[in-house]
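To keep things clear, I will list the structure first and then write my remarks on it.
Residue numbers (our numbering), protein chains in the order written: chain A, 49 to 324; chain B, -19 to 241.
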């Protein structure tokens, strides 16, 4: 499996001067490029992507399909490699995946042979956290995702929304420095999806994790975030950084307010709509 | 209007009933063909003669002895193939470099007919028990490696990626994710392989055997004792079926968590 190839580090590891001198910059992406070498020649998929995410921010990345938003997130996670450029997290260069960056995937990635509670404790067990502490942390996050009753259930007994809730709990229980979310709700039905948006916003308000959220749903991005990066495609690059100045306490009714609709129009206009 | 629906559900009772009927049809066709005298006794024995043979051979203990030694050979050959083949298969399905070495070789060897190895095995290993076990081993090992490799590769990338983001390294990803995740499929592969091991029994007992079910069949052929041949073939089929069902049962108990299980 190509994933298990020994990872060659092509990002500079030496202490090159890191220019993210902003006091509380959490994730700093500088001049990131991705080039695919194909038989027909090189394809520039991403070009000069610059992003700065602050501590405790909820940032969404939106853009048309093929703009590389998921690839960008996977690069931050260390699961994909950039051709050139830098990714810095808390003054460390990213060279591979690690527990400091938790991730929730679009596909269901719960470990099917473990119960809900065992799934949540997986990262803690790896780090040899004392069992009692593991239990306490699991209980706490089971409460956060409101699945206390399902702690001993296996993933196959859960609905899609419940699986994603456990995936969120599993990532957060590991207390990562950032939480990366790759279209985590796109496989869910609209009702569940709205519930999940509320839940993740509440979790953010409670715990203030730094979240990078990739989605193709503009409303979702506006509803959740403090800041949106809009990407364009071929080559993928940042078109605009849109700060979202909406009330801190957010209810689903927010989506009907004039201000929200204005944001939606603004972001929509930024995304190129290719004619079919 | 669609009258014949694809994958239409069938309840368990009807399924079993139809399975039983299919066996009964074959049996009665056999009975009619042999009883009517349309086909000579040498070509097609009467079912009652086969049953009589079973009674005789079981009561004098010979069939039981022959079954025991055959089961022993198959089990041993299969266990060796599993002990060696499963780890090699997992590594093949996990690392591309190992795959590049192992897969083409196995693909090549698995097309070689096992009986053709018999003269070589006799030269290399001799004609003892080991030779028979080796035949079973060769017959299953290469196929097993390839199938286990596919089982390992079937573990979704994102399951492994998720474990990386929770802090696993390569070794932990293999032992804590790939291996447990592939277990239900692996056990299914083993179930199929032990079935195949049974099919190599006759080849294995071509090697200077004087015991075993395969040997019984070969010996009976020399004396044109078709009832004994039938009895042997059917018994091998039954024993194969029983092992298969046992594996299936254990899988269901052990891997209750598997999706669709």
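Quick reminder that beta carbons are idealized off the backbone N, C-alpha and C, glycines included.
DSSP three-state assignment for residue 297 (chain A), whether helix, strand or coil:
coil
Counting C-beta neighbours from all protein chains within 10 Å, is the total for residue 250 (chain A) 16 or more, i.e. buried, or is it exposed?
exposed
Ignore the nearest five residues each way along the sequence and tell me which others in residue 216 (chain A)'s own chain have a CB closer than 6 Å to its CB.
152
Which residues of chain B have a Cβ atom closer than 9 Å to the Cβ of residue 138 (chain A), listed in chain order?
What residue 138 (chain A) touches in chain B: nothing, since even the nearest Cβ is about 16 Å away.
Helix, strand or coil: which one does DSSP assign to residue 115 (chain B)?
helix
Please classify residue 35 (chain B) as buried or exposed, where buried requires at least 16 neighbouring CB atoms within 10 angstroms.
exposed
C-beta atoms of residue 267 (chain A) and residue 303 (chain A) nearer than 8 Å:
yes
So within the stretch 133 to 177 of chain A, which uninterrupted beta strand (DSSP E) runs reach at least 3 residues, ignoring any that extend past its ends?
149 to 152
Taking Cβ-Cβ distances shorter than 9 Å, what residues in chain A pair up with residue 141 (chain B)?
51, 122, 125, 127, 145, 151, 153, 157
What do you reckon, are the CB atoms on residue 131 (chain B) and residue 169 (chain B) nearer than 8 Å?
yes
Same chain, Cβ closer than 7 Å to residue 186 (chain A), five either side skipped, listed in chain order:
165, 168, 169, 221
DSSP three-state call for residue 89 (chain A): helix, strand or coil?
strand
At least 3 beta-carbon pairs within less than 8 Å: the stretch 279 to 286 of chain A vs the stretch 113 to 130 of chain A:
yes
Straight-line gap, residue 1 (chain B) to residue 7 (chain B) (C-alpha atoms, nearest Å):
10 Å
Apart from the five residues on each side of it in sequence, which residues of its chain come closer than 7 Å, Cβ to Cβ, to residue 74 (chain B)?
132, 154, 158
Residue 238 (chain B) versus chain A: which residues are under 7 Å apart at the beta carbon?
160
Going along the stretch 179 to 204 of chain A in order, which residues come within less than 9 Å of chain B, judged by CB to CB distance?
202, 203, 204
Cβ-Cβ separation, residue 112 (chain B) to residue 189 (chain B) (assumed contact under 8 Å), whole Å
7 Å
Thinking C-alpha only, which one of A:200, A:208, A:79 is nearest residue 131 (chain A)?
A:79
What's the C-alpha gap between residue 94 (chain A) and residue 183 (chain B)?
60 Å
Which chain B residues sit within Cβ distance under 7 Å of residue 170 (chain A)?
146
Could you spell out the range, first to last residue, of the alpha helix (DSSP H) harbouring residue 258 (chain A)?
No alpha helix (DSSP H) holds residue 258 (chain A); the beta strand (DSSP E) holding it covers 258 to 262.
From B:91, B:92, B:114, B:93, residue whose alpha carbon lies closest to that of residue 102 (chain B):
B:114
At the 8 Å Cβ level, is residue 138 (chain B) part of the contact set with chain A, yes or no?
yes
Considering only residues of the same chain and omitting the five flanking positions on each side of residue 157 (chain A), which have a CB-CB separation below 8 Å?
215
In or out: residue 33 (chain B) buried (at least 16 other Cβ within 10 Å) or exposed?
buried
Secondary structure, beta strand (DSSP E): runs of 3+ residues fully inside the stretch 112 to 181 of chain B:
none
In whole angstroms, what is the alpha-carbon distance linking residue 86 (chain B) and residue 64 (chain B)?
13 Å
For residue 23 (chain B), the three-state DSSP class (helix, strand or coil)
coil
Which word fits residue 241 (chain A), buried or exposed, when buried means at least 16 other C-beta atoms lie within 10 angstroms of its C-beta?
buried
Simplified DSSP state of residue 109 (chain A), which is helix, strand or coil:
strand
I want to see whether chain B comes within less than 8 Å of residue 174 (chain A), judged by CB atoms only; does it?
yes
Using 8 Å as the limit for Cβ to Cβ distance, is residue 317 (chain A) near chain B?
no
Let me know if residue 208 (chain B) comes out buried or exposed under the rule of 16 or more other beta-carbons within 10 Å of its beta-carbon.
buried
Which of helix, strand or coil DSSP assigns to residue 292 (chain A)
coil
Below 6 Å CB to CB, which residues in the same chain sit around residue 192 (chain B) once its five sequence neighbours on both sides are set aside?
46, 49, 50, 185
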